[in-house]
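One structure is given below, encoded as structure tokens.
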Amino acid sequence: MMTTSERSPYRLDSLAVHAGHDDLGALGVHALPIDLSTTAPLDSIDSGGLAYEALASGSPLSPGMPTVYRRAWNATVARFEGAIAALEQPDGESETVEAVAFASGMAAMAAVLLSRVQAGLPHVVAVRPLYGGTDHLLATGILGTTVTFVDADSVQEAIGPATGLVVVESPANPTLDLLDIRDIARQAGSVPVLVDNTFATPVLQRPLGLGAAFSLHSATKYIGGHGDAMGGVVATRAEYARRLRPIRTITGGVLDPWSAYLLHRGLPTLPLRIRAQQASAARIAEWLAQQIGVSRVFYPGLAECDPRGLVGTQMTGPGAMVAFELAGGFASAERLCARLSLVTHAVSLGGVDTLIQHPAALTHRPVASTAKPGEGIMRLSVGLEDVEDVIADLARGLA
Ligand SMILES: *Cc1c(COP(=O)(O)O)cnc(C)c1O
């Protein structure tokens with residue numbers, strides 16, 4: 569059972585197909601197996617107790633140990649974690665990356681925040697914009713954290729003796745703002761940086777090689793890629809992974825094996841999906857920029873959206889998310905959504921079909937009014953349809 573990434577001679581596309589499949593030949597199977605057991609037979613009271621102790625310490629379970637109980641360990645979930653760890657492993661780094669999976673992206677975020685509260689460092693420095701759920705979790709402080717929201721240039725000044733985490737997204741939800749992750753890590757000094765890597769995926773960006781301590785994904789989005797499985801995953805180094813696993817067991821935000829299987833099944837096509845969806849997104853962003861009803865387009869592939877030149881250096885490509893502002897504001901947004909037929913009006917993103925939504929009303933509804941996206945802003949997750957059909961649909965909506 570591979571639980572951590574081993575140094576691999578293979579490139580990303582090969583890893584995406586094969587990571588987490590290493591032992592299948594020995595098991596005599598070809599497709600990913602699913603273990604649905606909620607409990608595991610014990611050889612003796614002692615061996616059960618030893619496994620229990622190992623799990624409570626947060627270390628990955630050694631092969632041959634009883635898994636005890638699904639909330640503490642599951643082989644299908646561990647297999648998926650091994651694959652994500654392999655994809656997030658920075659080139660040339662000797663320390664092995666691990667991954668810890670959760671029931672959702674928000675369960676993953678909550679566990680990281682709780683681990684910092686548990687370390688006695690409950691203050692968080694965060695750079696907006698962030699996904700609305702993350703913004704809400706931080707602003708309400710329901711997990712015992714406090715937060716200071718700052719500009720990307722003021723992270724260092726905001727750090728105090730109780731600061732346990734810096735939280736950023738790049739590209740950020742919903743307006744695709746790019747942050748220089750190396751510069752954020754430099755400002756953070758010894759404080760760990762969490763990068764929400766949901767929009768980039770490991771195909772376009774590996775934050776742990778840029779100085780981040782945590783790379784977090786809503787796996788519900790691109791990793792699963794088909795809009796039918798929910799999960800979250802955090803790639804990090806052993807020191808932090810050991811603290812996250814017991815929190816997951818104690819609080820119960822575990823990924824179920826069916827979802828782990830579906831998320832893992834999404835990985836082989838992830839690089840292809842990202843590249844195809846990205847090519848369409850670039851074409852759509854250029855087209856949108858020429859439409860009279862569109863006052864602004866947000867896409868990292870447009871020069872004005874990437875003044876620091878991070879696409880091609882920090883990220884290998886601009887991704888497949890596009891945002892744009894309608895000159896007619898909310899009324900135009902309402903009309904656009906009502907007229908679309910190929911594009912689905914729905915929250916979420918990263919799937920094979922194109923989705924559009926109004927962040928201020930939906931994904932970013934709980935965000936403070938001073939930080940909320942504008943009423944004319946729409947967020948588009950570009951899918952795998954023929955791009956000309958998507959453009960024709962948008963053209964009808966904008967007419
Ligand atoms: C959706 C999303 C989340 C939350 O993930 P869930 O799987 O819905 O809990 C976190 N961050 C970003 C950037 C997201 O888009």
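Sequential numbering of the sequence shown, starting at 569, is according to the numbering used here. Glycine is no exception: its CB is placed at the ideal position from the N, C-alpha and C atoms.
Query, Result
"Nearest-angstrom Cβ-Cβ length linking Leu831 and Phe648, presumed shorter than 8 Å", "6 Å"
"Cβ-heavy atom distance, Glu953 to ligand 1, below 7 Å", "no"
"Burial state of Ser625 (16 or more Cβ within 10 Å)", "exposed"
"Reduced DSSP category for Gly794 - H, G, I as helix; E, B as strand; rest coil", "Before going on, a small fix: residue 794 reads as His here, not Gly. If DSSP states are grouped into helix, strand and coil, His794 belongs with coil."
"DSSP three-state assignment for Ile602, whether helix, strand or coil", "coil"
"Same chain, Cβ closer than 6 Å to Gly968, five either side skipped, listed in chain order", "Any question about residue 968 goes unanswered here, given that the chain covers just 569 to 967."
"Phe767 beta carbon near ligand 1 (any heavy atom closer than 7 Å)", "yes"
"Local conformation of Val948 per DSSP, three classes", "Note that residue 948 corresponds to Leu in the displayed sequence, not to Val. It is a strand residue."
"Where Glu725 sits in the DSSP three-state scheme", "helix"
"Member of Arg579, Ala669, Tyr790 and Gly792 whose CA lies at the smallest distance from the CA of Gly660", "Arg579"
"For Arg864, three-class secondary structure by DSSP", "strand"
"Proximity test, Glu737 beta-carbon vs ligand 1 heavy atom, cut-off 7 Å", "yes"
"Backbone secondary structure at Val636 - three-state DSSP", "coil"
"Alpha-carbon spacing of Leu776 relative to Asn765, whole angstroms", "10 Å"
"Separation of Asp719 from Gly732, as counted between CA atoms", "18 Å"
"Short Cβ contact (8 Å threshold) for Leu823 with Val802", "no"
"7 Å CB neighbourhood of Val526 in its chain, flanking five on each side removed", "Any question about residue 526 goes unanswered here, given that the chain covers just 569 to 967."
"Every unbroken alpha helix (DSSP H) inside the segment 838-897 [4 residues or more]", "838-857"
"Identity of the residue in Gly795, Val958, Ala871 and Val865 nearest Ser916 by Cα", "Gly795"
"Met674: CB within 7 Å of a non-hydrogen atom of ligand 1", "yes"
"Inter-residue Cα distance where the pair is Gly896 and Ile860", "10 Å"
"Start and end residues, beta strand (DSSP E) containing Glu737", "Thr731 to Glu737"
"Rounded C-alpha distance that separates Ala888 from Gln846", "4 Å"
"At least three beta-carbon pairs within less than 8 Å, the segment 679-698 to the segment 734-745", "yes"
"DSSP three-state assignment for Thr788, whether helix, strand or coil", "coil"
"Any non-hydrogen atom of ligand 1 closer than 7 Å to Ser827 Cβ", "no"
"Integer Cβ distance of Val668 from Ala857, believed to fall under 8 Å", "No, Val668 and Ala857 are not in contact; Cβ-Cβ is about 40 Å, not under 8 Å."
"Residue-level contact to chain C via CB, Ser937, 8 Å cutoff", "Included in the structure is just one protein chain, with no chain C present."
"Residue ranges of each beta strand (DSSP E) within the segment 610-697, 3 or longer", "665-670 and 691-695"
"Pro577 versus Ala654, Gly919 and Val865, residue with shortest Cα-Cα distance", "Ala654"
"Gln925 - DSSP class collapsed to helix/strand/coil", "strand"
"Simplified DSSP assignment, three categories, for Arg774", "coil"
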